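The structure appears below as structure tokens.
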Amino acid sequence: MKTILGIRPKQLWLALGNNRCFHLLAMFFFLFFFQNIGAQEEIVEKKEDSILYINLDEVVLISSRKALGQQKQTKPLSSLDEYLESAQKVNMVKRGAYAWEPTLNNMFSERLSITIDGMRIFGACTDKMDPITSYVDVSNLSKAHVVSGQQGSEHGTTIGGAMNLELHKSNFANTGLKGSLESGFETNNELRIIGTALDYSSEKFYIDGDIIYRKAENYFDGKGNEVGFSQYGKYNFSANGGYKVNDGGKLTATLIFDEARNVGYPALPMDVSLAKALITSVGFEQDKLGTFSDWKSKLYFNKVTHIMDDSKRPDVPIRMDMPGWSDTYGFLSQLQKLTGKHNFLLKWDGFYNKSLAEMTMYPNNPNESAMFMLTWPDVRTLNTGFYAHDQIDLKGGSLKLSTRITLQNNKVADELGLNSLRIFYSDMEQAQNHFLKSVSVQYHRHLAPFHVNLGMSYGDRAPSVSEGYGFFLFNSFDNYDYIGNPGLKNEKSFEGNAKISVQRAKFKTSLEGNIFHISDYIIGEVDPMLSAMTIGAEGVKVYSGLKYADLVNVSWDLEYSVLPELKWSWTVSYHRGTDNDHRNLPFISPVAYRSSLSYKKKTFSGTMTMQGAGKQTNFNGIFGEDQTQAYTVFALAFGKTFYLSNDWVYTKVGLENIFDKYYSTYTDWNNIPRMGRNFFLSLSYSIN
Amino acid sequence: MKTIKLVIAAIIFSIGFSSCTKDDDSPIVEGNPLADYKMVSSLKANAHTIEVYSKQEQYTIGYNELFIRIKDDASDSYISKVEISWTPLMHMSQMQHSCPKSAIVADGDESVYKGYVIFQMPGNDVEYWDLTLDYTIDGIAYSVTQLLDVKAPADNKRRVTVFTGSDDVRYVLAMMPLTPEVAINDFSAMLFKMKNMMTFSLAENYEVALDPRMPSMGNHSSPNNENLVYDAESKMYMGKLSLTMTGYWKINMKLLNESDEVIKGEDVTDENPESSLFFELEF
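Those protein sequences? They're chains A and B, same order as listed. The working numbering puts the first residue of the first sequence at 2, with every later residue one more than the last. The working numbering puts the first residue of the second sequence at 236, with every later residue one more than the last.
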């Protein structure tokens, strides 16, 4: 995508309302990114080169730090989760108001590759309360690339696809010193946001810094009931710098520190007293290396600490602490080569991750010893891989071939943890090796007036730490304890995708679909012989490989320019997931739709959106699901820019869930209701 | 060049350092074969000092492995080639009884003798244990009786149980010492029939079914336990005990005879949270 649109400073900005409202600009980028928008203020260069149609990624543009850009965003200071939710293939699983877990093509994080500037980071929570997207803030980022299936294997092995969050960098833009102040307020949960950013950039050197603070109280659902334990507070600091050592070479460095405290998870029996991440990297980039170009290398380290506890809960069967730690050391190095019709990319990457999590339970009898176990037994993952792709320009079309080969070694370093797992697997080895491979072919052809895209691919993945080595991980969704299985086979995916699109001056539409046939699909299956550890749990599930599972996603998009200033857009999607016994897979979206009407003229903008889903008919009680009812919600937003001498002040006001609808979606953990009516206001002051 | 020199210097220094510490680390081998054990009693009688050592801190109810040696006070040397037998006796207000015990045999070192005693109950103000040692040195028989202070274990957890089975036989079941770990532990126990107040005999070829539970955590169980079965060689019942976490575990048991009839104990169910036959562990 980045190769498709050349975006000038007056960028398109997107934001989504809290209630998955869809906005017109989101449509532009997420659904029709490669098409000529023909907009007025946005200056979009459309390259005619058909090779650019081959990449079917969606780009979510994020920026809270430039008032210029905020004009295009419906809710500039919304959380990253809200931005990601606007991507067409992305849904967010909610366990509360904070740290939503992204899913892509109805697949969860263990089937995805989620990276920050290509860096691998792994959450430290056994219950997925800290997806890595919770450790960055919109103030750090410029965009998120969302890629489906094996096309996402550039940054790591994946089944469902990839999300790469790109950090904001001034990149030697020679803009001098620029600053901004941001503040936001939302009525429903008294969310207060305050942030500031300061960038300095010259031709030789740049440094960008920002800090943002968010604090929210409990939110209220559509019936006016307070959703207890939905509060959160967090701050995030980041600094990015670059220095040109010579004409073609530059050094870069990144530091992000993110800390959330007192985060409630209303859908779960526990909260988080601390979630903290330190993300660092140093890099070197050189324009030319022999006959190659764009040589980029990076060393990185990140450390995540996650403290789960239930000290704020008034009534629990037993008190417990569940801290977790995840440290990752990694590197990557890549080169490009452009020759004639070919555009090669070669990449070598690797990481070493340590994942450790504990559980200590305090009996009600104070004289009794605490109960202790390792829920992640200090699993060390050593992973290294080669990735290569070639984009070939064909006459009237293009072809992209890509492949990844990865070696992964998993080792249980803690003896107590190893012995714990050997209770279940007496002959388990301390270490397991996985050889992973991915190949993908994408083809694009321009058959005027249509663009046709076809793709096929194969890829596999190793089991995640929880799937391979988790020890009595309680899942409050299906009310089962989960035991990892070190003998799991790699999960393998055959995937096909197709897209047909057409564009006219005022109108464009596309139909897109993908299908995944996944063998040895990893999922928890009930073992009736095992006794649940967690009080009140129904039993124990052991991760095992289903013979196969099939997932299908189909979507249809439409956009129409009623007037030059007024656009209407529409998207509807269908999803289905079944296993080899025709059982429904969990967390598969019902029919979903979004529509928006957007008006923009000079310094004023307004959007009205409608978003909803049909009744969930394909659900599965075995996996803890019940039927989710249909819903439709509406939102409104208005923005206005003021000029003060040389500076800008940008205001945005909006109303989400206008009719105070009480609803929850299929991704809402234990059916916690969504936020009711919410009024938001954001104010940005940009000092040029 | 400078770097290489530094590296060499570092290597030399580290070798020198480690060889120095090696000397310091090597402890002088103690001549006392019972240095690792705790002397639980020492008694002077018959111009001898009779020392009793235990792996535990005290005489404790349940299984006690005891080491005995006898010192000649005159020569201040430990005597070998001693024949020893022993009789522990509980003096209760209405009666007296003994407990299961082994014979006493020499333990490698000629002057050290060992055996085990399984006390069923602790002493108190009015009821007490004593231990009579009859020993012969060079054909001369001696006898000594000493009072024992038998206590409940520090954690007060049950490691021995006395019961009357459905066959009207009185049994003593004692857990062998265990350092529990979060793992599948080797677990063993000894089973005796009580023939009369003074005589206990090994009960062979029974089976002990295990069902460990955590009462503080919803009474959950653990997987892949193996029932205790009789091992003729060690004369013990051996099996596997799986403990999925630290904390307090109640090891519920059922004693089965050769025809799989239940002699003692009940299944643990939602209505019946524990068996009447159980051991306890806390770690």
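Backbone N, C-alpha and C fix where the C-beta goes; we use that ideal spot for every residue, glycine too. It should be emphasised that the depicted structure is a prediction, and the values quoted were computed from it without experimental measurement.
Would you mind telling me which residues of chain B sit closer than 7 Å to residue i, beta carbon to beta carbon, in chain order?
i              : result
M374 (chain A) : V417, T479, M480
N420 (chain A) : E416, V417, A418
L417 (chain A) : V417
Grab the span of the alpha helix (DSSP H) containing residue i for me, first residue to last.
i              : result
L85 (chain A)  : 81-86
G418 (chain A) : 416-425
In the DSSP assignment, find the beta strand (DSSP E) that holds residue i and state where it starts and stops.
i              : result
V466 (chain A) : From DSSP, V466 (chain A) is part of no beta strand (DSSP E) but of the alpha helix (DSSP H) over 466-470.
Y266 (chain A) : Note, Y266 (chain A): premise wrong, no beta strand (DSSP E); not H, not E.
H390 (chain A) : 372-395
V361 (chain B) : It is not in any beta strand (DSSP E) - V361 (chain B) carries neither H nor E in the DSSP assignment.
W670 (chain A) : Premise fails: W670 (chain A) is in no beta strand (DSSP E) and is neither H nor E.
T407 (chain A) : 398-413
Y136 (chain A) : Per DSSP, Y136 (chain A) belongs to no beta strand (DSSP E) and is neither H nor E.
L474 (chain A) : 474-476
T652 (chain A) : 648-657
For residue i, which option in the options has the closest C-alpha, if you only look at C-alpha atoms?
i              : options                        : result
Y522 (chain A) : A:Y236, A:A240, A:F495, A:N366 : A:F495
A418 (chain B) : A:L645, A:E416, A:D316         : A:E416
L598 (chain A) : A:M609, A:F588, A:T604, A:F605 : A:M609
K500 (chain A) : A:K542, A:L455, A:K235         : A:L455
S687 (chain A) : A:M108, A:A198, A:N106         : A:A198
Y272 (chain B) : B:E468, B:K470, B:Q291         : B:Q291
H447 (chain A) : A:M323, A:S502, A:Y664         : A:S502
T404 (chain A) : A:K438, A:Y214, A:A463, A:N434 : A:K438
G474 (chain B) : B:S277, B:M411, B:V379         : B:M411
P323 (chain B) : B:S477, B:D365, B:I305         : B:D365
A98 (chain A)  : A:S79, A:A593, A:N247, A:H169  : A:S79
G607 (chain A) : A:S87, A:D394, A:L656, A:I424  : A:L656
D428 (chain A) : A:N219, A:P487, A:W557, A:E187 : A:P487
L166 (chain A) : A:L142, A:T176, A:R193, A:A174 : A:L142
S294 (chain A) : A:G249, A:H518, A:G540, A:I117 : A:G249
A376 (chain B) : B:L476, B:Q293, B:K316         : B:K316
I353 (chain B) : B:C334, B:D360, B:L368         : B:C334
Can the beta-carbon of residue i be found less than 9 Å from the beta-carbon of residue j?
i              : j              : result
T158 (chain A) : G471 (chain A) : no
L182 (chain A) : D200 (chain A) : no
L684 (chain A) : Y651 (chain A) : yes
D259 (chain A) : F230 (chain A) : no
N491 (chain A) : Y483 (chain A) : no
G325 (chain A) : A463 (chain A) : no
S135 (chain A) : L81 (chain A)  : yes
N106 (chain A) : G161 (chain A) : yes
H156 (chain A) : V61 (chain A)  : no
L333 (chain A) : K355 (chain A) : no
T642 (chain A) : S590 (chain A) : no
K245 (chain A) : F173 (chain A) : yes
Under 8 Å Cβ-Cβ, which residues of chain E neighbour residue i?
i              : result
P364 (chain A) : Given the protein chain composition of this structure (A and B), no chain E is represented.
For residue i, return the contacting residues in chain A, with the cut-off set at a CB-CB distance below 9 Å.
i              : result
E517 (chain B) : E369, S370
Let's test the definition: count the other Cβ atoms within 10 Å of the Cβ of residue i and tell me whether it reaches 16, buried, or not, exposed.
i              : result
I355 (chain B) : This sequence places Gln at residue 355 (chain B); Ile is not what is there. Buried is the call here.
F635 (chain A) : buried
A309 (chain B) : exposed
I673 (chain A) : buried
F225 (chain A) : This sequence places Gly at residue 225 (chain A); Phe is not what is there. Looking at its Cβ environment, which holds fewer than 16 other Cβ atoms inside 10 Å, G225 (chain A) is exposed.
L426 (chain B) : buried
L32 (chain A)  : Confidence at L32 (chain A) is low in this model, with a pLDDT of 31, below 50, so its placement is unreliable and the value that follows should be read with caution. So L32 (chain A) counts as buried.
I52 (chain A)  : Low local confidence applies: a pLDDT of 46 at I52 (chain A) is under 50, so the model's placement there is unreliable, with the coordinate-based value given in what follows. The residue is buried, with at least 16 neighbouring Cβ atoms inside 10 Å.
K568 (chain A) : buried
K526 (chain A) : What sits at residue 526 (chain A) in the sequence shown is Glu, not Lys. It is exposed - the Cβ of E526 (chain A) has fewer than 16 other Cβ atoms within 10 Å.
A389 (chain B) : exposed
G196 (chain A) : buried
What residues of chain A sit near residue i, judged by a beta carbon separation below 8 Å?
i              : result
P388 (chain B) : Those do not exist, as P388 (chain B) stays about 14 Å from chain A at its closest Cβ, beyond 8 Å.
Whose Cβ in chain B lies nearer than 8 Å to the Cβ of residue i?
i              : result
R320 (chain A) : Within chain B, no residue comes near R320 (chain A); the closest Cβ sits about 11 Å away, beyond 8 Å.
I160 (chain A) : By Cβ distance, chain B contributes nothing, its closest Cβ being about 30 Å from I160 (chain A), past 8 Å.
L694 (chain A) : The structure shown does not extend to residue 694 (chain A), since chain A is modelled only from 2 to 689, so the question has no answer here.
S427 (chain A) : I419, N459
Can you list the residues of chain B that residue i reaches, using a CB-CB cut of under 9 Å?
i              : result
I424 (chain A) : V417, A418, I419, S457, P458, N459, S477, L478, T479
F475 (chain A) : Chain B residues near F475 (chain A): none, gap ~12 Å exceeds 9 Å.
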